[in-house]
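**Q** Before I ask anything, here is the structure I am working with.
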Amino acid sequence: MSLLSDLSDRFGDAFETAGVERAAGLVLPSQRPELAQFQCNGALGAGKRTGRNPRELGQEVLASIGDRWMFASLEIAGPGFINIVVTDDCLADYAQAMADDERFAIAQPEHRWKVMVDYGGPNMSKSMHVGHLRASIIGESLKRLFRVAGHDVSGDIHMGDWGMPIGQLIIELERRQPDLPYFDESFTGPYPGESPVTLDDLSEMYPVVVERCRENPDEAERARQATFDLQNGRAGYLALWRHYRDVSVAEQKKDFADLGVEFDLWRGESTVHDRLAPLVERLAADGGLAEESDGAIVVYVDRPDDKKEMPPLLLTRSDGSYLYSTTDLATLEQRVEEGYDLMLYVVDARQGLHFEQVFRVARLSGIADDSVGLEHTAFGTVNGPDGKPFKTRKGGILRLADLMEIVTDAARERLEEAAIAQDYPPEERERIARQVGLGALKFGDLSNHRTSNYIFDLDRFTSFEGKTGPYLQYGAVRMKSILRRASELGLEPGPIMAPTVGQERDLILRLLRLPEVIERAVDVRAPNVLAEYAFEIATDFNRFYEACHILREEDPVRQASWLSLVDVTLRTLTLLLDILGIEIPDRM
Ligand code: ARG
């Protein structure tokens with residue numbers, strides 16, 4: 002159990018004894034740490050509700066409070082706040098319990114969700130670019146966060162592999178190489194095992210054909226027809242689609258591995274193809290939700306109280322082909338059938354309308370009842386220094402692989418400047434540069450609330466000072482090196498003693514907040530809560546380390562206790578950085 006929840010329990014009991022609901026006993030970290038460590042404000046509200054004087058109610062609560070050994074001082078302040086300071090022995094006990102607990106005192110959740118995190122979402126036949134960065138790293142972080150909190154979590158890449166872009170790439174290849182067997186309807190196979198194109202070819206072809214379809218309605222019509230034929234099983238198109246998919250997935254797997262992003266499921270829009278027709282039929286059946294509109298099938302989802310225009314969700318185009326919305330609805334249905342009861346769609350905020358429509362249809366049709374959580378976990382844009390969406394110098398869209406290269410180069414320069422790791426073997430130096438570059442990139446992103454846009458500021462992100470990934474990595478490496486040096490000197494961590502120094506006490510108080518910080522980050526689905534907390538821990542640790550000269554300490558029992566504190570700090574920071582997807586080098 003965490004210190005904070007135990008304190009809330011004690012106060013809950015005491016409020017109950019005083020005839021007030023236990024919720025009034027909620028204890029929080031103090032807003033004014035110079036006055037107290039914790040506070041309980043319940044007497045104010047409860048006093049107001051019951052017509053009792055809050056200060057008197059507070060006195061009554063204090064008179065019956067249990068486990069007095071925990072408290073160094075309890076005081077009523079102002080109109081009826083209760084200020085709480087716990088004893089140093091109590092802090093030591095809880096710190097020891099945290100150090101001994103594999104789960105760091107993080108409680109198992111009251112309701113264990115079966116969570117689906119839908120993230121990454123690259124599109125087939127296109128290299129990933131900077132726009133996929135946030136979808137990938139925020140999604141990965143939320144997946145890890147929910148897992149640490151004790152939920153049952155899967156991550157699905159939900160690749161865009163079934164829509165119009167594929168039809169467009171089919172007609173573009175046909176234009177360029179009409180003699181390939183994929184386009185010959187009388188061909189009976191087998192089709193070549195080798196892909197006729199590379200991913201670079203596809204990336205080059207795509208904008209060309211998009212432009213042609215924009216200018217020429219006949220071309221657009223052909224692309225639509227090709228998409229329709231693909232979705233209806235035309236053999237040559239399916240064979241070609243497999244090649245497109247294989248070359249795309251090969252590169253994406255590499256990019257994601259480099260980025261440290263791991264999916265449990267590599268499904269795509271095409272996965273639910275067989276569900277599409279029955280789903281649309283069911284929704285369009287007599288008395289169903291769906292209606293025909295100019296040959297298309299749509300579901301009206303607007304409500305009288307809508308503040309914004311809410312267009313209907315399109316289930317099929319007039320030619321009968323399916324859309325992004327159809328595959329999303331069918332995927333949602335599949336996930337409900339598989340027992341997922343919380344779905345987080347980690348997707349750009351600009352898709353808000355799409356998800357609102359899909360979720361409304363899911364509710365209206367009963368595909369997902371109220372027990373299933375459906376959330377668009379939206380995120381903002383990565384902007385360049387000019388405040389506009391991030392582009393390369395030439396104005397092009399930056400590929401994810403190139404972005405990783407850029408941050409690694411920057412990190413390498415920083416390490417050189419600071420003369421860090423310069424005498425290590427070249428491979429190790431390179432690995433550190435990569436870890437620091439990615440740490441900078443991820444922390445630079447995840448330290449912002451996911452819904453805000455932020456400016457990509459390479460200099461600031463890669464600095465070893467300030468609220469940055471490299472600062473935290475360096476801090477953690479320092480903890481590792483203290484423990485290593487201690488062990489070389491034959492010193493071992495020992496039982497955690499009651500703190501005697503302010504900075505030591507502050508660090509312990511900070512560490513003991515971990516369970517509530519995790520809970521809060523889960524509640525708001527926001528990794529920046531963890532980023533902030535990790536920074537506070539690193540800062541508190543530095544102050545502690547300055548005040549307490551661990552390796553020179555003469556009292557061996559005190560010294561062993563401090564080493565344990567270093568160890569539990571390192572493990573906590575490692576856990577937090579791991580949730581953020583940030584690796585810690587062994588040495589620097
Ligand atoms: N492929 C989509 C895109 O690039 C993102 C997919 C997000 N997930 C989803 N279930 N719609 O916009």
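For the record, in the sequence shown the residue sitting at position 121 is 122 according to the working numbering, with numbers rising by one throughout.
By construction, the Cβ of each residue, glycine as well, lies at the ideal position given by its N, Cα and C atoms.
Note that the coordinates shown come from a computational prediction; the quantities given were computed from them, not determined experimentally.
#1: Here's a check: name, in chain order, each residue in its chain whose Cβ is nearer than 6 Å to the Cβ of L536, leaving out the five neighbours to either side.
#2: Are there 16 or more other CB atoms within 10 angstroms of the CB of R209, so buried, or fewer, so exposed?
#3: Would a C-beta distance cut-off of 9 Å place L581 and F444 closer than the cut-off?
#4: Do P390 and the ligand ARG come close, with the Cβ less than 8 Å from some heavy atom?
#5: Taking the Cβ atom as the reference point for each residue, do I585 and Q423 lie within a distance shorter than 9 Å?
#6: Can you grab the Cα-Cα spacing for the pair V1 / R526, in whole Å?
#7: Who are the Cβ neighbours of H152 in its own chain at under 7 Å, not counting the five residues just before and after it?
#8: On a Cα-Cα basis, can you pick out the residue from R283, G353 and M311 that is closest to I298?
#9: Who does I77 pair with in a DSSP beta bridge?
#10: Exposed or buried, A420, counting other C-beta atoms within 10 Å across all chains shown (16 or more means buried)?
#11: When we look at the beta-carbon of Q32 and count the other beta-carbons within 10 Å, is it buried (16 or more) or exposed?
#12: Could you tell me the distance, in whole angstroms, from the CA atom of L365 to the CA atom of V300?
#13: Can you name, in chain order, every residue of its own chain whose Cβ lies under 8 Å from the Cβ of E554, other than the five neighbours on each side?
#14: Need the endpoints of the alpha helix (DSSP H) that I298 sits in, please.
#15: So, at 6 Å on beta carbons, what are the nonlocal neighbours of L277 in its own chain, with the 5 sequence-adjacent residues on each side left out?
#16: Alpha carbon to alpha carbon, how far is N84 from F356? Give it in angstroms, no decimals.
#17: Distance cutoff 9 Å, beta carbons only. Does R113 sit that close to anything in chain E?
#18: In chain order, what residues place their C-beta within less than 6 Å of a heavy atom belonging to the ligand ARG?
#19: According to DSSP, simplified to helix, strand and coil, what is V337?
#20: Rounding to the nearest angstrom, what Cα-Cα distance links E17 and G289 in this structure?
#21: Output yes or no for whether 9 Å exceeds the beta carbon distance between L484 and D568.
#22: By Cβ distance, which residues of its chain are closer than 6 Å to S65, with the 5 residues on each side in sequence left out?
#23: Leaving out the 5 sequence neighbours to the left and right, which residues in its chain are closer than 8 Å to T452 when beta-carbon positions are compared?
#24: Whose CA, out of G503, N454, R223 and K481, lies closest to the CA of P494?
#25: Over the uninterrupted beta strand (DSSP E) stretch that includes L345, give me the two end residues.
#26: Does the structure place the region 193-208 close enough to the region 120-128 that three or more beta carbon pairs sit under 8 Å?
#27: What number of angstroms, rounded off, separates the C-alpha of S95 from the C-alpha of T575?
#28: So if DSSP puts F462 in a beta bridge, which residue, or which two residues, is it bridged to?
#29: According to DSSP, simplified to helix, strand and coil, what is Y455?
#30: Could you tell me which of E418, Y425 and Y472 sits nearest to L442, measuring between CA atoms?
#31: Am I right that Y183 and L241 are in contact with their C-beta atoms under 8 Å? What's the rounded C-beta distance?
#32: Below 9 Å between beta carbons: does that hold for E517 and S3?
#33: For the beta strand (DSSP E) that E293 lies in, which residues bound it at each end?
#34: What did DSSP end up calling P30 once you bin it into helix, strand or coil?
#35: What's the call for L36, buried or exposed, on a 16-neighbour Cβ count within 10 Å?
#36: Using the rule of at least 16 other Cβ atoms within 10 Å of the residue's Cβ for burial, across every protein chain shown, is T189 buried or exposed?
**A** In terms of the structure at hand:
#1: For clarity, residue 536 is Phe in the given sequence; the question names Leu instead. So the qualifying residues of the chain are K468.
#2: Checking the sequence, you will find Val at residue 209 rather than Arg. Exposed: under 16 other Cβ atoms inside 10 Å.
#3: Yes.
#4: Set against 8 Å, the gap from the CB of P390 to the closest heavy atom of the ligand ARG is not smaller.
#5: Contact flag unset, no.
#6: No statement about residue 1 is possible, as the shown extent of the chain runs from 2 to 589 and does not include it.
#7: Within its own chain, the residues whose Cβ lies closer than 7 Å to the Cβ of H152, once the five positions on either side in sequence are excluded, are P110, R113, W114 and V116, listed in chain order.
#8: Out of R283, G353 and M311, R283 has the C-alpha closest to the C-alpha of I298.
#9: According to DSSP, I77 shares a beta bridge with I83.
#10: Taking all protein chains shown into account, A420 has fewer than 16 neighbouring C-beta atoms within 10 Å of its C-beta and is therefore exposed.
#11: When all chains shown are included, Q32 counts as exposed.
#12: So the alpha carbons of these two residues sit roughly 10 Å apart.
#13: The residues are Q560 and W563.
#14: Looking at the DSSP string, I298 is not in any alpha helix (DSSP H); the run it does join, the beta strand (DSSP E), is A297 to V300.
#15: Cβ within range, chain order: Y323, T327 and A331.
#16: Roughly 45 Å between the two C-alpha positions.
#17: Given the protein chain composition of this structure (a single chain), no chain E is represented.
#18: The filter returns D119, G122, N124, H159, G161, D329, Y346 and V348, in chain order.
#19: In this structure, V337 counts as helix in the three-state DSSP scheme.
#20: The alpha-carbon separation between E17 and G289 amounts to approximately 52 Å.
#21: For L484 and D568, yes; Cβs fall inside 9 Å.
#22: Excluding positions up to five away in sequence, the list reads A15 and T18.
#23: So the list reads A350, A379, F380 and G381, once near-sequence residues are dropped.
#24: The residue with the shortest Cα to Cα distance from P494 is K481.
#25: Looking at the DSSP string, the run of the beta strand (DSSP E) that includes L345 is L343 to Y346.
#26: Judged by Cβ distances under 8 Å, the region 120-128 makes contact with the region 193-208, as three or more pairs qualify.
#27: According to the sequence shown, residue 95 is Tyr rather than Ser. Pairing Y95 with T575, the inter-Cα distance amounts to about 20 Å.
#28: Answer is none; F462 lacks a bridge partner.
#29: DSSP, read as helix, strand or coil, puts Y455 in strand.
#30: When each option's Cα is compared against that of L442, the closest is Y472.
#31: About 4 Å separates the beta carbons of Y183 and L241, which is inside the 8 Å limit, making them a contact pair.
#32: In contact: E517 and S3 (Cβ atoms closer than 9 Å).
#33: For E293, the uninterrupted beta strand (DSSP E) segment begins and ends at A291 to S294.
#34: Strand, per DSSP.
#35: Taking all protein chains shown into account, L36 has fewer than 16 neighbouring C-beta atoms within 10 Å of its C-beta and is therefore exposed.
#36: The residue is exposed, with fewer than 16 neighbouring Cβ atoms inside 10 Å.
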